[in-house]
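As numbered in the UniProt record's numbering, residues 1 to 174 make up the sequence shown, in order.
Glycine included, C-beta positions come from ideal geometry on N, C-alpha and C.
Worksheet: one structure, shown below.
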Amino acid sequence: HKNIVDLLEATAPEGSNVGAVGINWLFFGTSGRDFYQPLPVTKRFQHREEDVNQHTKSIVRIKVGGPCVDQHQFILKDGAVKVDTAGKHFSGPFNINGPSDVAVLHHYYWKSQAEWAQKFATPRNDNGVLRQKRFPFYPTESSAGQVLDTSAWEFLKKAVPKYNIYDDHVFATW
């Protein structure tokens, strides 16, 4: 698909009972970085988990979207269903073994170790509560990411050529 509109028209055509398209995540890790650097996120973090994460975010057709259950799902009205980008029906916030060949969301969960620490020292935007430490405070080796994936960085440079400057060797020492 050329763009998100084309994807939605193919996956959730007008007049169908598809009310939401769920898109799985790829979790990107620290890429071994300890501190924040003033570089694009897609340049700084290029190592991810090997498998597609089961979490999804949904694009919901407004006329059938009901209340938001949580940040991953909405209640759908009028018999509408949620599908993934392969057209498979699923419900809830998770799509185990969901597809990543058509669309996937890159989730930069860890960022650098300093940013990870700051994340837990700052209240959440949605409810003002401090986050619970479900993972080690200090990211582990596995949180660095096992698979090199430069696709988002390459896409950004192609879409906005001025970002190519960050591939200059001077930025390699940051």
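task = Along the beta strand (DSSP E) that carries residue 27, what are the first and last residues, could you check?
result = Unbroken beta strand (DSSP E) run through residue 27: 18–28.
query = For residue 72, which beta-bridge partners are listed by DSSP?
reply = Residue 72 is not bridged to any residue.
message = Give me, in chain order, the residues of the same chain whose beta-carbon lies closer than 7 Å to that of residue 81; leave out the 5 immediate sequence neighbours on both sides.
response = A distance below 7 Å between beta-carbons, with the five flanking residues on each side excluded, links residue 81 to the following residues of its chain, in chain order: 17, 18, 19 and 89.
Three CB pairs or more closer than 8 Å across the region 143–153 and the region 26–37 = In this structure the region 143–153 touches the region 26–37; the number of beta carbon pairs closer than 8 Å is three or more.
request  = May I ask which residues mark the beginning and end of the beta strand (DSSP E) holding residue 111?
outcome  = Where residue 111 is concerned, there is no enclosing beta strand (DSSP E), given that its DSSP letter is neither H nor E.
task = Taking residue 31 as part of the alpha helix (DSSP H), name the residues at either end of that continuous run.
result = Following the DSSP letters along the chain, one finds residue 31 in no alpha helix (DSSP H), marked with neither H nor E.
key: With 16 other Cβ atoms within 10 Å as the buried cut-off, status of residue 165   = So residue 165 counts as exposed.
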